[in-house]
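Numbering-wise, the sequence shown is residues -19 to -1, 1 to 554 according to mature numbering (1 follows the signal peptide of the UniProt record, and there is no 0).
Built from N, CA and C at the ideal position, the CB exists for glycine as well.
Read through the structure below, which is laid out as structure tokens, and then see the notes.
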Amino acid sequence: MLSLATLLLFFSSISLTFCEEENVLEKQVLHYVKPSVDGAAHFSEAFHDESEFNSRWKKSEAKKDGVDEAISKYNGVWAIKEPKENPMLGDNSLVLVSEAKHAAISTMLDKPFKFENKPLIVQYEVRFQNTHECGGAYIKLLSESPSLNLKVFNDKTPYTIMFGPDKCGGDSKIHFIFQHEDPITHKMEEKHAKKSEGDFSKIFDDKKTHLMTLIVRPDNSFEILVDKVKVNEGSLLTDMEPPVNPPKEIDDPEDIKPDDWDEREKIIDSTATKPEDWDEDAPKQIVDTSATKPSGWLDDEPELIADPAAVRPSDWDDVEDGEWEAPQISNPKCKEVGCGKWQAPLKNNPDYKGKWTAPLITNPNYKGVWAAKKIPNPNYFEDLNPFAMKPIVAVGFELWSMQSDIAFDNLIVSDDDSIVNQWTLQTWQLKYEKEVENTPNAIVSLWSSWIETTNEKPWLWVVAAFAILLPIVLIYIFCFPSKDSVAERKKTDAVVPDEEPNDSNDSADEEKDDSTAENKNSDSSLKEKTNEDTKKPNKLEESEEEEKEVETVEDEIPSPSPRTRARRKTRKE
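Printed below as a string of structure tokens:
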């Protein structure tokens, strides 16, 4: 009953908590207000109006090369709508509705960003509304190019910077990749930032709005922040892979190791010979001739016997299963000493030497490990200002994701951190505070997780019901036994108080009581007579024995009930 009460209390607390939280939400609703930066940013987008979005953004109609025709099209579905459990009422987001499809969408910046003497700040919000398993949510800042066509935006479209979260399986990262032009070959090469060390794994599965920020400064430093917390920082010169600047010297590709170059530091001594007393055939172990058979060794007893406790299965069929034989077990008689044919144990052979091999000696022709000679790198250059990247003229999302409903919001590109901070205070900061306020307590969070899990695995309800009901049933069985069990216990007790008899059974009870008393008195007289015939050492011991016998007899005769004593008195009178 205690477990049942606890269970009811648990569900009641959940209901009350839900009610309290619903009341709080009704009282404190956060309404959307369009953010503004007064045109000071290079680009800002709040995705608040669908018609404005459609006139500004272009969905790609391209095909991706090198993949199956069925999935080559960029036909992922984008929508402007409110996300689930929206902390800010009326706030729309750009949502990637589809899954397992290529999706690309882009737009031109309000004004191009040129890498001169001001930092680049890129910031946007992302929310994984479903637990994210595989796919990216990064942004691409597209390079200035005469051939740029947003209608065919694809994975080959030149970009200057790619930034944002990506996850597949257990590998999660925050990308920061920039394209660097080799000043000699004029080829573009991707430079990847070192892996972020901060803890950002929660962004993929907590279903909250997260703020992604990249800052690249004219001094070639960079910072990556998640929810305004730094998770990575470094230098474009020293913390990118491969490095921006190649080595000054490289191995001479025409330098070949000479045929007589000996890299062996040790060689076999060809002058060594095997000693005459070296016996390669001597075994590693030999029989211990000094060992003797233990006394009591049972030579005729088998080490294994049929299990005497084994029982032939009732469904055993000799025709299909063959003749049944009990399984073999270790012979218990062999446990102490041993049984079966005794053999002397083996011991290490003191004369064993193994196969003889010639020893190693220092190689007189050793020249060391060969390495090609170094020559000046014909493609060497030194770029001390990799910050000077190609200008950015457009921004877009080019994605593939196995999960749907990834929401993007409040994108901004600027060179002024005060403008970005102002934008953040009007957007993400309000949502963040509201989401923290709406975060359920531990009980509700646990219940929500349970509901989500059981939606995927309904059979867990059966397991839960069994786990809850089993202790209740056991408590009831042990704490509230049946009347039959009580009656059985009374029959086996040594002394049981008399119960009040029914009037119809008075006569039978009286005869039973008299008979019991007479039997007890007869036993008492017999014991007293026996004690008198027994020789006592002295009177004191005799007196003590009589007292003990009287006590024993009194203990054996149950005390009659008051009603029984009254009947006996009436009969005597």
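Please identify the residue among 313, 314, 298 and 268 whose C-alpha is closest to the C-alpha of residue 327. 268
My guess is that residue 205 and residue 155 are in contact by the Cβ rule of under 8 Å, so how many angstroms apart are they, rounded? 6 Å
Determine the extent of the beta strand (DSSP E) in which residue 379 is found, giving its start and end residues. 373 to 382
Cβ distance (whole Å) where residue 29 is taken to contact residue 73 below 8 Å: 6 Å
In chain order, what residues of the same chain have a beta carbon less than 6 Å from the beta carbon of residue 164, not counting five sequence neighbours either side? 362
Using three-state DSSP, classify residue 445 as helix, strand or coil. helix
When we look at the beta-carbon of residue 340 and count the other beta-carbons within 10 Å, is it buried (16 or more) or exposed? exposed
Inter-residue spacing [alpha-carbon to alpha-carbon] between residue 242 and residue 370: Residue 242 and residue 370: Cα-Cα distance of roughly 48 Å.
Name the two residues that bound the continuous alpha helix (DSSP H) containing residue 274. No alpha helix (DSSP H) contains residue 274, which DSSP labels as neither H nor E.
Between the CA atoms of residue 271 and residue 305 - distance to the nearest angstrom: Taken atom to atom, the span from the alpha-carbon of residue 305 to that of residue 271 is near 45 Å.
From the DSSP secondary-structure annotation, give me the bridge partner or partners of residue 34. The partner list for residue 34 (beta bridge, DSSP) is empty, contrary to what the question assumes.
Is the beta carbon of residue 64 less than 8 Å from the beta carbon of residue 415? no
Is it true that the CB of residue 190 sits closer than 8 Å to the CB of residue 54? no
Looking only at DSSP bridge pairs, what is residue 108 linked to? 388
Do residue 447 and residue 86 come within 8 Å of each other at the CB atom, strictly closer than that value? no
Excluding the five sequence neighbours on either side, which residues of its own chain have a C-beta within less than 7 Å of the C-beta of residue 112, listed in chain order? 186
For residue 33 and residue 174, I'd like the C-alpha separation in whole angstroms. In this structure, the straight-line span from the alpha carbon of residue 33 to that of residue 174 is close to 35 Å.
Would you say the region 313 to 330 touches the region 276 to 283, given that touching needs at least three Cβ pairs under 8 Å? yes
Nearest-angstrom Cα separation, counted from residue 284 out to residue 315: 7 Å
Rounded separation between residue 122 and residue 238 - CA only: 48 Å
Here's the rule: buried if 16 or more other CB atoms are within 10 angstroms of the residue's CB, otherwise exposed. What is residue 383? exposed
Environment of residue 77 [buried if 16+ CB atoms lie within 10 Å]: buried
Should residue 373 and residue 90 be called a contact, given that it needs their Cβ atoms to be closer than 8 Å? Yes. Within cutoff.
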